[in-house]
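Participant: Mapped onto the working numbering, the consecutive letters of the sequence shown carry residue numbers 867 to 1157.
Yeah, the Cβ is synthetic: ideal placement off N, Cα and C, and Gly gets one too.
Okay, here's the structure, questions in a sec.
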Amino acid sequence: MVKFRVTLTDGSKKILKSNDKQKIADYVKDNLLNIKEVVQLKDTIKSDDSINSLSEEEQIKLIQNRPINIKFIENPSEKLQLIAVKNSTDHDTILKYIKNPSEKIKLAAVKKNGNNLKYIKNPSEKLQLAAIDQHPGIFNYIDNPSEKIKLAAVKRYGEMIKYIDNPSEEMKLEAVKDDGGAIEYIDNPSEELQLIAVKGNGFNIQYIKNPTEKVKWAAIKENFYAIEYIDNPSEEMQLAVVEQYGGVIDVIKNPSEAVQLAAVRQNPDFIEDIKNPTEKVKQLYRKLANR
């Protein structure tokens, strides 16, 4: 007795039983477009007998409808393999169902989903590059990546630099150009790298230990709220941001009296953002509020 579980496109399932496997093959042919998957239940003949009895044209339709069905076909042609890859979703790792794929199939598979690289032994540099381009996170699964591969990874996704020991200056530069936040994972970054990071996003200064004055000014120029992440900003720096927008005083620790006065002059309501305003600041507030 041959038993198969058939999953239809509407999600329903049915069990086919017969002493004649040809009857099951005929059923599959007649209902090909409505079938998602055919799986043989244990006992008796090989699970792929019914599918292997189909013509290549019928197998193509079955694979187009459900690429995973490639696993039931004995020695599928490169044409069938390629159809399975092209019709798989961006989340499918279809390569795990294909035995001994050609380089062409491997390349198509990693371009579709970089995670397919996990199922390739000793992948070529070309395959690694294609996989990283589609999914940079696959870099973590590459053994002993070359300098070229490392560089490609950080160009594609700067944060990947955190997985690279002793990155070159070029890698650091490309990582920060892609994502200024990647500077968090770079030891002792040069002032050039720091500037690139904060000019892209002033808040990236929070990831920089001991930023230079030039970097601090560049950060608040990009976003004056970046002053929150600057340790002991000078009064000149505090005044510069408050004069742009007095409300920023709420992120300045221990603003000087001059800074408090500048904020309240701009808008008396900003006194609410000042912890422990001085008496002079309170007097200014009362004067302005009573106008």
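Pull up the distance between the alpha-carbon of residue 1020 and that of residue 1045, whole angstroms please.
Facilitator: Here residue 1020 corresponds to residue number 154 of the sequence shown, with the count starting at 1. Here residue 1045 corresponds to residue number 179 of the sequence shown, with the count starting at 1. In a straight line, the C-alpha of residue 1020 is about 9 angstroms away from that of residue 1045.
Participant: Which residues in the same chain as residue 1073 place their Cβ atom closer than 6 angstroms to its Cβ, once the five residues preceding and following it in sequence are excluded?
Facilitator: Residue 1073 sits at position 207 when you count from the first residue of the sequence shown. Hits under 6 angstroms: 1049, 1050.
Participant: Give the list of continuous alpha helix (DSSP H) stretches no shorter than 4 residues that lie fully inside the stretch 967-998.
Facilitator: Whole alpha helix (DSSP H) segments, 4+ residues: 969-978.
Participant: Which whole-angstrom value is the C-beta distance of residue 934 and residue 946, which I expect to be below 8 angstroms?
Facilitator: Reading the sequence shown from its first residue, position 68 is the one you call residue 934. Reading the sequence shown from its first residue, position 80 is the one you call residue 946. Wrong, their Cβ atoms sit about 13 angstroms apart, outside the cutoff.
Participant: Could you tell me whether the Cβ atoms of residue 927 and residue 898 are closer together than 8 angstroms?
Facilitator: Sequence index remark: in the sequence shown, residue 927 carries index 61 (1-based). Sequence index remark: in the sequence shown, residue 898 carries index 32 (1-based). Yes, Cβ-Cβ distance for residue 927 and residue 898 is below 8 angstroms.
Participant: Out of curiosity, what's the CA-to-CA distance linking residue 992 and residue 975?
Facilitator: On the sequence shown, residue 992 is found 126 positions in, with the first residue counted as 1. On the sequence shown, residue 975 is found 109 positions in, with the first residue counted as 1. Residue 992 and residue 975: Cα-Cα distance of roughly 13 angstroms.
Participant: Please list, in chain order, all residues of the same chain as residue 925 whose beta carbon is under 7 angstroms from its beta carbon, the five residues on each side excluded.
Facilitator: Within the sequence shown, numbered from 1, the residue matching residue 925 stands at position 59. Excluding positions up to five away in sequence, the list reads 917, 939, 946.
Participant: CA-CA distance, residue 1105 and residue 1124?
Facilitator: As a first step, residue 1105 is located in the sequence shown; it is residue number 239 there, counting from the start. As a first step, residue 1124 is located in the sequence shown; it is residue number 258 there, counting from the start. Rounded to the nearest angstrom, the two C-alpha atoms are 8 angstroms apart.
Participant: Return the chain-ordered list of same chain residues with a C-beta closer than 7 angstroms to the C-beta of residue 871, the five sequence neighbours on each side being excluded.
Facilitator: Locating residue 871 in the sequence shown gives position 5, where the first residue counts as 1. Answer for residue 871: 879, 881, 905, 907, listed in chain order.
Participant: Which same chain residues, not among the five before or five after residue 983, have their C-beta less than 8 angstroms away from its C-beta?
Facilitator: Walking along the sequence shown from the start, residue 983 turns up at place 117. If we look at residue 983 and ignore the five residues flanking it on each side, its Cβ neighbours are 976, 989, 993, 994, 997, 1004, 1007, 1008.
Participant: Can you tell me the Cα-Cα spacing of residue 1090 and residue 966, whole angstroms?
Facilitator: As a working note, residue 1090 is residue 224 in the sequence shown. As a working note, residue 966 is residue 100 in the sequence shown. Their backbone Cα atoms lie some 58 angstroms apart in a straight line.
Participant: Give the straight-line distance between the Cα atoms of residue 873 and residue 931, rounded to the nearest whole angstrom.
Facilitator: If you number the sequence shown from 1, residue 873 lands on position 7. If you number the sequence shown from 1, residue 931 lands on position 65. In a straight line, the C-alpha of residue 873 is about 12 angstroms away from that of residue 931.
Participant: Apply the 10 Å Cβ neighbour rule to residue 980 and answer buried if 16 or more other Cβ atoms are within range, or exposed otherwise.
Facilitator: Working through the sequence shown from its first residue, we reach residue 980 at position 114. Per the 10 Å Cβ criterion, buried.
Participant: Quick check: residue 1115 and residue 1139, are their CB atoms within less than 8 angstroms of each other?
Facilitator: Residue numbering aside, residue 1115 sits at position 249 when the sequence shown is read from its first letter. Residue numbering aside, residue 1139 sits at position 273 when the sequence shown is read from its first letter. Yes, they are a contact pair.
Participant: Would you kindly work out how many angstroms separate the C-alpha atoms of residue 1001 and residue 889, rounded to a whole number?
Facilitator: As a working mapping, residue 1001 is identified with position 135 in the sequence shown. As a working mapping, residue 889 is identified with position 23 in the sequence shown. Approximately 44 angstroms, taken between the alpha carbons.
Participant: How about residue 1088 and residue 1065: do their beta carbons lie closer than 8 angstroms?
Facilitator: Indexing the sequence shown from 1 puts residue 1088 at position 222. Indexing the sequence shown from 1 puts residue 1065 at position 199. Closer than 8 angstroms, so yes.
Participant: Determine the direct distance from the alpha carbon of residue 1108 to that of residue 1157, and round the result to whole angstroms.
Facilitator: By one-based count along the sequence shown, residue 1157 stands at place 291. By one-based count along the sequence shown, residue 1108 stands at place 242. So the two alpha carbons sit approximately 23 angstroms from each other.
Participant: Between which two residues does the beta strand (DSSP E) harbouring residue 903 extend?
Facilitator: Translated into the one-based positions of the sequence shown, residue 903 becomes position 37. First-last of the beta strand (DSSP E) with residue 903: 901-906.
Participant: Check for me: the beta strand (DSSP E) holding residue 1086 runs from which residue to which?
Facilitator: Position 220 of the sequence shown, counting from 1, holds the residue named residue 1086. Not the beta strand (DSSP E): residue 1086 falls in the alpha helix (DSSP H), residues 1079-1088.
Participant: For residue 1024, count neighbouring C-beta atoms within 10 Å of its own C-beta (all shown protein chains included) and say buried if the count is 16 or more, exposed if not.
Facilitator: Taking the sequence shown and counting its residues from 1, one reaches residue 1024 at position 158. So residue 1024 counts as buried.
Participant: Looking only at its chain, what residues have a beta carbon closer than 7 angstroms to the beta carbon of residue 893, apart from the 5 residues adjacent to it on each side?
Facilitator: The sequence position of residue 893 within the sequence shown is 27, counting from 1. So the qualifying residues of the chain are 882.
Participant: Shortest alpha-carbon distance to residue 1113 belongs to which of 1041, 1119, 1129?
Facilitator: In the sequence shown, residue 1113 corresponds to position 247, counting from 1. The shortest Cα separation from residue 1113 among 1041, 1119, 1129 belongs to 1129.
Participant: Excluding the 5 residues flanking residue 948 on each side, which residues of the same chain have their C-beta closer than 8 angstroms to its C-beta?
Facilitator: Here residue 948 refers to the residue found at position 82 when the sequence shown is read from its first residue. The residues are 970, 971, 974.
Participant: How is the alpha helix (DSSP H) around residue 1061 delimited, first residue to last?
Facilitator: If you number the sequence shown from 1, residue 1061 lands on position 195. First-last of the alpha helix (DSSP H) with residue 1061: 1057-1066.
Participant: Is DSSP giving residue 910 helix, strand or coil here?
Facilitator: Stepping through the sequence shown from its first residue, residue 910 is reached at position 44. Note that residue 910 has pLDDT 35, beneath the 50 cutoff, so the model's placement of it is unreliable and the number below is only indicative. Three-state result, residue 910: coil.
Participant: Between residue 913 and the rest of its own chain, which residues show a CB-CB distance below 7 angstroms, the 5 nearest in sequence each way excluded?
Facilitator: Counting from one through the sequence shown, the residue named residue 913 turns up at place 47. Annotation note: pLDDT 47 at residue 913 (below 50); position unreliable, no value reported.
Participant: Tell me which residues share the same chain as residue 902 and place their Cβ nearer than 7 angstroms to its Cβ, disregarding the 5 neighbours each side in the sequence.
Facilitator: Your numbering for residue 902 matches position 36 in the sequence shown. Contacts found: 873, 874, 875, 931, 932.
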